[in-house]
Amino acid sequence: MHPIVTKELTKKFGAFIATNAITFEVKEGEIFGFLGANGAGKTTAMRMLCGLLKPSSGEAKVAGFDVYTQADKVKQNIGYMSQRFSLYEDLKVKENIRFYGGIYGLSNNTIKEKTKQLLQKLQMEAEADQLVSALPLGWKQKLAFSVAILHDPSIVFLDEPTGGVDPVTRRQFWDLIYEAAGRGVTVFVTTHYMDEAEYCDRISIMVDGRIQALDTPRQLKAQFQADSMDDVFLKLARGK
Amino acid sequence: MRTIFFILQKEFLQIFRNRGMMAIIFLIPIVQLLVLANAANYEVRNLAIDVVDQDHSSWSQRLVNKLTASGYFKLHRQTFNEKAAFEDLQLDKADIVLMIPRHFERDLVREDKASLQLLVNAINGSKAGLANGYANNIIRSFNQNIRTEWLALDGRNGPAIIEVTYSNWFNTRLDYKVFMVPGIIVVLVTMIGAFLSGMNIVKEKEIGTIEQLNVTPIRKHHFILGKLIPFWIVALFELALGLLVGKLVFHLPMVGSLWLVFLFAAVYLWVMLGMGLLISTFTETQQQAMFIAWFFVIVFILMSGLFTPVENMPHWAQVLTWFNPIAYFVKVIRMVLLKGSGWANIQIYLLIMLAYAVVMNGIAIWNYRKTT
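Going line by line, the protein sequences match chains A and B.
Letter 1 of the first sequence, counting from 1, is numbered 0 in numbering that gives the first Met the number 0, and no numbers are missing.
Letter 121 of the second sequence, counting from 1, is numbered 120 in numbering that gives the first Met the number 0, and no numbers are missing.
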């Protein structure tokens, strides 16, 4: 069973069709790149898959749960990290981890254990008692990602997770993503960085609410006779 | 339940870590209570009086002495020239002018009657009313003195006089602070309930964390309770703090049961918290939330009977106070603390508050569902 399956998924805001009958599936443990220009409908699609927005029509199942009727089950089984920083700046690193662990229903012991592992992995043991506001942006993003998968979700949604982050930290961030994918976590990621698109197993490109292309980076480049993902993207996004 | 516990823990960590918030909770209310209770005082003393004494008789002098000895009036100028006195009125140097006409004493003696004129600076209406009242009282008692001592009249002669004796119940010394402090405590508690709760929810929108919370399995009622309960607790603490300061500093009487005050406050606060929640559902920034809360709270306070008696308001305004939660709390806290009113007297108000709280939170939650 695929972790994400959609069929003719549509969202209309009045007369405007933000997401127009998109159909795709994401395989287990896959890093799925969800590309598109600003306003192409990516965020709307993502919000529907996360149970934040009710679709107008069509079907979608995430982690085996229906987004219409089982939004709560969907939420319990996904992780989410948005482009807007989502940890509390006025809480310590440890306190943030505890809070998010707690609201996902982890036991106190599990939270303790996970906190230790997480800090070790990020090499942030020394910063455990620092306020998040004191951390550099790159560290914050890595921490936010680790917190988003703290409750071992089967799928994690990343909405432009590396916006504004330096190249070195971006590289480290992708190491974390690969590591999570290696453990079987399905990664659904939007980005505007085409080099990051190359890291994905498969990519979909949205134009004006529709998915115009969906394949591996290599296949897409072949299909559009382009040297890089950048070219593929420009050909598609301009070609309207 | 466990989810709410984690939210509460987070909220209290954030409240106690925020210096501004700590000042708002611990320092500012005490300062406000001390300052406002002393400043919001309707007792008028030391009114500046100008006496235009064109008689210069021993009786006119006795009248002036009697006025100034009362403590309500301070002689600002004694003159023969009425123009100087009018000028003082104009320049706000005098609050009241007493005109003693020529032949005041002679008329008293010969014709058994004399007239005086009082000119009152009525820019401040309540002050003018009080000045007028005080002066009239003193002059009437002066008149009594004349009758008994000089004209040798007593109760059996001359026109009958109805003497009114006063006995002030529940606030025997007519101490204004005793009257004001409970009301000011209500205002402080209200601020915490209505302002901080709404602003706190909107803050999550402002910094974007609400989006993250929305994708977690947190239920809406968990979130709302987790957000409102901290301020409910803080506001009840504020009430205890205010009552303690009132007791220690102002010797606030506590005739009735404090439990009743807290019970009423506990219900009342849900009205204010619900209002904060409602405001947070249609505002995007803390500034908007604060301005809207401010607008309502200021109207509620001014029309609550805290500063001006509800009975003095026009009828339509009195009708509006039926919908004013602050008016109920001001009334009840004064009733219980000063008069010792019990359960039987306040239960109707408690029921009204309960209904209000249910309606307010109902609308807020309905609106909250709709928007997010």
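Don't be surprised by glycine CBs; every beta carbon is placed ideally from N, CA and C.
Among all the DSSP beta bridges, which residues are the ones paired with residue i?
i: D52 of chain B; result: B:I99
i: E58 of chain A; result: A:K6
i: K11 of chain A; result: A:I16
i: R201 of chain A; result: A:F31
i: E24 of chain A; result: A:V4
i: M80 of chain A; result: A:L157
i: F187 of chain A; result: A:F31 and A:F156
i: D65 of chain A; result: A:K60
i: F294 of chain B; result: In DSSP, F294 of chain B forms no bridge with anything.
i: V119 of chain B; result: B:I95
i: R76 of chain B; result: B:D49
i: I209 of chain B; result: Answer by DSSP bridge pairing: none, since I209 of chain B is not bridged.
Do you know offhand how far residue i's Cα is from residue j's?
i: T307 of chain B; j: L90 of chain A; result: 45 Å
i: Q31 of chain B; j: G245 of chain B; result: 12 Å
i: W269 of chain B; j: N199 of chain B; result: 16 Å
i: E88 of chain A; j: L251 of chain B; result: 43 Å
i: T114 of chain A; j: H150 of chain A; result: 11 Å
i: I122 of chain B; j: L90 of chain B; result: 12 Å
i: T208 of chain B; j: W315 of chain B; result: 45 Å
i: V184 of chain A; j: V155 of chain A; result: 7 Å
i: V92 of chain A; j: K120 of chain A; result: 14 Å
i: R76 of chain B; j: R139 of chain B; result: 22 Å
i: Q381 of chain B; j: I23 of chain B; result: There is no way to answer for residue 381 of chain B, as the model of chain B reaches only from 0 to 371.
i: F236 of chain B; j: V260 of chain B; result: 13 Å
i: I278 of chain B; j: I148 of chain A; result: 34 Å
i: G28 of chain A; j: P152 of chain A; result: 12 Å
Only counting the same chain, and skipping five residues up and downstream in sequence, which positions put a Cβ closer than 6 Å to that of residue i?
i: C169 of chain A; result: In the sequence on display, residue 169 of chain A carries Arg and not Cys. The residues are T161.
i: V119 of chain B; result: I95, A127, A130 and N131
i: E81 of chain B; result: V51
i: L305 of chain B; result: G182 and V329
Answer with yes or no whether the minimum CB distance from residue i to chain B is below 8 Å.
i: S85 of chain A; result: yes
i: D128 of chain A; result: no
i: G101 of chain A; result: yes
i: E94 of chain A; result: yes
i: K74 of chain A; result: yes
i: Y67 of chain A; result: no
i: L142 of chain A; result: no
i: F15 of chain A; result: no
i: L149 of chain A; result: no
i: S153 of chain A; result: no
i: Y79 of chain A; result: yes
i: F98 of chain A; result: yes
i: L175 of chain A; result: no
If residue i sits next to residue j, beta carbons under 8 Å apart, how far is it from one beta carbon to the other, in whole angstroms?
i: A39 of chain A; j: M193 of chain A; result: Contact flag wrong, Cβ pair sits at about 15 Å.
i: L238 of chain B; j: I184 of chain B; result: 6 Å
i: F23 of chain A; j: T5 of chain A; result: 6 Å
i: L46 of chain B; j: F85 of chain B; result: Actually they are not in contact, since the Cβ atoms of L46 of chain B and F85 of chain B sit about 17 Å apart, beyond 8 Å.
i: L117 of chain B; j: L88 of chain B; result: Not confirmed; about 12 Å, so no contact.
i: L107 of chain B; j: I145 of chain B; result: 7 Å
Under 8 Å between C-beta atoms, does residue i make it to chain A?
i: Q13 of chain B; result: yes
i: N17 of chain B; result: yes
i: F230 of chain B; result: no
i: V180 of chain B; result: no
i: I364 of chain B; result: no
i: T280 of chain B; result: no
i: E210 of chain B; result: yes
i: K204 of chain B; result: no
i: K213 of chain B; result: Per the sequence shown, residue 213 of chain B should be read as Asn rather than Lys. True, the Cβ-Cβ gap to chain A drops below 8 Å.
i: K9 of chain B; result: yes
i: F5 of chain B; result: yes
Is residue i close to the ligand FAD? I mean its beta-carbon at under 7 Å from any heavy atom of the ligand.
i: I96 of chain A; result: The ligand FAD is absent from the structure shown, which contains no ligands of any kind.
In chain order, what residues of the same chain lie with their CB nearer than 7 Å to the CB of residue i, ignoring the 5 residues before and after it?
i: A242 of chain A; result: Any answer about residue 242 of chain A is impossible in this case: the structure gives chain A only from 0 up to 239.
i: I325 of chain B; result: V185, T189, F299, I300 and S303
i: G70 of chain B; result: R44
i: Q53 of chain B; result: F79, I99, P100 and R101
Kindly list the residues whose CB is nearer than 8 Å to the CB of residue i, restricted to its own chain and excluding five residues on each side of it in sequence; keep chain order.
i: E110 of chain B; result: none
i: K141 of chain A; result: L121, T168, Q171, F172 and L175
i: M334 of chain B; result: G255, S340, N344 and I345
i: E112 of chain A; result: none
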